[in-house]
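Below you'll find the structure, written out as C-alpha cells, and then a few comments.
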Amino acid sequence: MGVLVLNEREVVELLDMPGCIATMEEALASLARGELYLPLRSIARPPGHDDLLGLMPSHRGGDRPLYSLKTVCVVPDNPTRGLDPHQGTVTLYDGVSGEVRAVLNATPITAIRTAACTAVATKLLAREGAAVAAIVGAGHQAKAHLEALRTIRDFDEIRITSRTPENARALADAAPNARAVSSVEEALDGAGVVVTVTNSAEPVLRRDWLDDGVHVNAVGSCFPHTRELDSATVAAAAFFVDRRESAENEAGDLLLAVKDGAVSGPDHIRAEVGDVLVGDATGRESEDEITVFESLGIAIEDLFAADYVVRRARETGRGTELDF
Numbered sequence: 002m003g004v005l006v007l008n009e010r011e012v013v014e015l016l017d018m019p020g021c022i023a024t025m026e027e028a029l030a031s032l033a034r035g036e037l038y039l040p041l042r043s044i045a046r047p048p049g050h051d052d053l054l055g056l057m058p059s060h061r062g063g064d065r066p067l068y069s070l071k072t073v074c075v076v077p078d079n080p081t082r083g084l085d086p087h088q089g090t091v092t093l094y095d096g097v098s099g100e101v102r103a104v105l106n107a108t109p110i111t112a113i114r115t116a117a118c119t120a121v122a123t124k125l126l127a128r129e130g131a132a133v134a135a136i137v138g139a140g141h142q143a144k145a146h147l148e149a150l151r152t153i154r155d156f157d158e159i160r161i162t163s164r165t166p167e168n169a170r171a172l173a174d175a176a177p178n179a180r181a182v183s184s185v186e187e188a189l190d191g192a193g194v195v196v197t198v199t200n201s202a203e204p205v206l207r208r209d210w211l212d213d214g215v216h217v218n219a220v221g222s223c224f225p226h227t228r229e230l231d232s233a234t235v236a237a238a239a240f241f242v243d244r245r246e247s248a249e250n251e252a253g254d255l256l257l258a259v260k261d262g263a264v265s266g267p268d269h270i271r272a273e274v275g276d277v278l279v280g281d282a283t284g285r286e287s288e289d290e291i292t293v294f295e296s297l298g299i300a301i302e303d304l305f306a307a308d309y310v311v312r313r314a315r316e317t318g319r320g321t322e323l324d325f
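Under the working numbering, think of the first position of the sequence shown as 2, with each following residue one higher.
Here it is as C-alpha cells:
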C-alpha cells in the first residue's frame, strides 16, 4: 500500500459538514473516555515574527490504531495575499508499523473541523429556543461556520459583522437567512448563539452587549496573549473547552481573565465538551445561563477528520497514490 495524497479541492469535496460534525462528536467523546493520547502542541515562532509553525501530534489506539501529525504555518498576513492564514499538512501513520499512510492538505481540514466542533458545542449548550445567531468576523473561518450553524439549526436569521464590511456582505449573500450588519452590538442584539472568528488580540465581545442565556463560541483566539472576550464575559459564563490542559496553557480568553482577577483560575472551567457528550458533566443548567465554548482546536480533531476523509477517498477512488 502506497501513500494517499489528497489536495485541497479533494479534501473540501470529501469532508462534508454533516459527516464532520458526527466525526467530531466521536472524537471528543473518545477523548473524554480516555481512549486517545494528546500532548500539547509545540510552537516555533522566530523572534520578531508574527507567523509561526505549529506541530500537533496525536494517537488513537483500538482496532484501527493511527498516529497523526498536523504541521501548520499560521501566517496572519495571508488574507492580504488571498490565502487562508492556516497552511500545512496532516500526515497519518499506521499505528502498528509506523508507515506513512496518507498526507492531506490541512487548510480545509482546519476550517471544517473547527466549525464542526462549534456545531457540536452549540447543539449541546445553546438554548432550544435560540432563533438568531451572530458571526463576528468574516474571514476564512467564517464561511465554514456559517455552513455549520445552518447544518444544525434552522435559525430565523444569522447576522454577520466584520471590520471589513464588504467581506460580511459577500458572506451573507451566500445564505438566504444571513444578513450583514454594521457593528458587533447590532449583530448581538437578541442573538442566542454567537461565534467569534476574528484575529483580534483584544476583546471584540463585551458582557453588556450580550443577552442572558446566550451561548458564545470563542474560536479566533488560540494563544495565551490574545483574547476575543472581555473578562466580564468570561466571569459571567459557564466555561467549556475542547481540552482542559490546552485551555489552561493556551486560552488567552481564560488566562487574561485570571490575570485581571475576574476569575480564580483554571477551576473556572466547568467541563470539556466531550465530558458533556458522554454524560460525565452537565451542560447548560438554566435558560438564563451564559455559556462559552472556548475552541482552541486540538490534534485529535485533525486525526479523526483526516481518517474520515481517507476512508471516503478510498471508497470513491479519490486522491493520488504514491510509492513512498
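Beta carbons: idealized from backbone N, C-alpha and C, even for Gly. The structure displayed is predicted, hence computed values, not measured ones.
Rounded C-alpha distance that separates residue i from residue j
{"i": "Gly63", "j": "Glu36", "result": "8 Å"}
{"i": "Thr90", "j": "Arg102", "result": "13 Å"}
{"i": "His87", "j": "Ala145", "result": "14 Å"}
{"i": "Leu147", "j": "Ala33", "result": "27 Å"}
{"i": "Tyr309", "j": "Glu295", "result": "24 Å"}
{"i": "Gly83", "j": "Val75", "result": "14 Å"}
{"i": "Asn178", "j": "Val104", "result": "37 Å"}
{"i": "Val293", "j": "Asp254", "result": "10 Å"}
{"i": "Ala314", "j": "Gly140", "result": "28 Å"}
{"i": "Gly96", "j": "Pro66", "result": "4 Å"}
{"i": "Arg312", "j": "Asp157", "result": "36 Å"}
{"i": "Gly262", "j": "His269", "result": "12 Å"}
{"i": "Ser59", "j": "Glu251", "result": "17 Å"}
{"i": "Ile161", "j": "Ala175", "result": "12 Å"}
{"i": "Ala28", "j": "Ala173", "result": "31 Å"}
{"i": "Asp190", "j": "Thr317", "result": "45 Å"}
{"i": "His50", "j": "Ser287", "result": "44 Å"}
{"i": "Ser69", "j": "Leu256", "result": "28 Å"}
{"i": "Val196", "j": "Glu11", "result": "27 Å"}
{"i": "Leu278", "j": "Pro267", "result": "21 Å"}
{"i": "Met18", "j": "Ala171", "result": "21 Å"}
{"i": "Leu117", "j": "Lys260", "result": "Correcting the residue identity first, residue 117 is Ala in this sequence and not Leu. C-alpha separation (whole angstroms): 31 Å."}
Closest Cα partner of residue i within the set the options
{"i": "Thr108", "options": "Val97, Leu7 and Ser163", "result": "Leu7"}
{"i": "Val242", "options": "Ile44, Ser265, Val217 and Asp308", "result": "Val217"}
{"i": "Ser222", "options": "Ser201, Trp210 and Gly214", "result": "Ser201"}
{"i": "Glu4", "options": "Leu93, Val121 and Lys71", "result": "Here the sequence assigns Val to residue 4, which means Glu is not the residue at that position. It is Leu93."}
{"i": "Ile406", "options": "Arg312, Asp212 and Ala300", "result": "Any answer about residue 406 is impossible in this case: the structure gives the chain only from 2 up to 325."}
{"i": "Arg114", "options": "Leu126, Leu150 and Asn168", "result": "Leu150"}
{"i": "Ala45", "options": "Phe224, Thr321 and Val311", "result": "Phe224"}
{"i": "Pro166", "options": "Ala176, Ile159, Ser183 and Asp155", "result": "Ser183"}
{"i": "Gly284", "options": "Leu126, Val73 and Glu11", "result": "Leu126"}
{"i": "Val282", "options": "Thr152, Val264 and Ala30", "result": "Before going on, a small fix: residue 282 reads as Ala here, not Val. Among Thr152, Val264 and Ala30, the Cα nearest to that of Ala282 is on Ala30."}
{"i": "Asp289", "options": "Cys118, Ala131 and Gly140", "result": "Ala131"}
{"i": "Arg154", "options": "Glu187, Thr119 and Ala175", "result": "Thr119"}
{"i": "Leu41", "options": "Ile301, Gly320, Val133 and Gly318", "result": "Ile301"}
{"i": "Ser22", "options": "Leu39, Ala112 and Ala169", "result": "Correcting the residue identity first, residue 22 is Ile in this sequence and not Ser. Comparing Cα-Cα distances from Ile22 to each of Leu39, Ala112 and Ala169, the minimum goes to Ala112."}
{"i": "Leu168", "options": "Ala117, Gly191 and Pro80", "result": "Just to set this straight, residue 168 is Asn in the shown sequence, not Leu. Comparing Cα positions, the closest option is Pro80."}
{"i": "Leu264", "options": "Gly275, Asp231 and Val277", "result": "Correcting the residue type first, residue 264 is Val in the shown sequence and not Leu. It is Asp231."}
Supposed close pair residue i, residue j - CB separation, criterion 8 Å
{"i": "Ala233", "j": "Arg208", "result": "4 Å"}
{"i": "Arg245", "j": "Glu273", "result": "6 Å"}
{"i": "Asp303", "j": "Met25", "result": "That pair is no contact at about 11 Å."}
{"i": "Ser163", "j": "Gly138", "result": "6 Å"}
{"i": "Gly20", "j": "Arg128", "result": "With 8 Å as the limit, Gly20 and Arg128 do not qualify as a contact, their Cβ atoms being about 26 Å apart."}
{"i": "Val235", "j": "Gln142", "result": "Contact doesn't hold; Cβ gap of about 21 Å is too wide."}
{"i": "Leu16", "j": "Ala306", "result": "6 Å"}
{"i": "Val205", "j": "Glu229", "result": "5 Å"}
{"i": "Ala1", "j": "Ile159", "result": "The requested residue 1 is not part of the displayed model; the chain covers only 2 to 325."}
{"i": "Asn106", "j": "Glu9", "result": "4 Å"}
{"i": "Val198", "j": "Ile110", "result": "Incorrect: roughly 16 Å between the Cβ atoms, too far for contact."}
{"i": "Leu53", "j": "Thr72", "result": "Incorrect: roughly 11 Å between the Cβ atoms, too far for contact."}
Coarse secondary structure for residue i, derived from DSSP in three states
{"i": "Thr119", "result": "helix"}
{"i": "Arg160", "result": "strand"}
{"i": "Thr197", "result": "strand"}
{"i": "Ala143", "result": "helix"}
{"i": "Leu255", "result": "helix"}
{"i": "Ile22", "result": "helix"}
{"i": "Glu295", "result": "strand"}
{"i": "Thr234", "result": "helix"}
{"i": "His226", "result": "coil"}
{"i": "Ala202", "result": "coil"}
{"i": "Ala171", "result": "helix"}
{"i": "Asn218", "result": "strand"}
{"i": "Val264", "result": "coil"}
{"i": "Ala188", "result": "helix"}
{"i": "Leu278", "result": "helix"}
{"i": "Leu32", "result": "helix"}
{"i": "Ala248", "result": "helix"}
{"i": "Leu150", "result": "helix"}
{"i": "Leu15", "result": "helix"}
{"i": "Leu211", "result": "coil"}
Residue i - partner residues in DSSP beta bridges
{"i": "Asn106", "result": "Thr90"}
{"i": "Ser69", "result": "Ser59 and Leu93"}
{"i": "Cys74", "result": "Leu54 and Gln88"}
{"i": "Thr283", "result": "Partner(s): none; Thr283 has no beta bridge."}
{"i": "Ser43", "result": "Leu56"}
{"i": "Arg180", "result": "Arg160"}
{"i": "Phe241", "result": "Ala272 and Phe294"}
{"i": "Thr321", "result": "Val6"}
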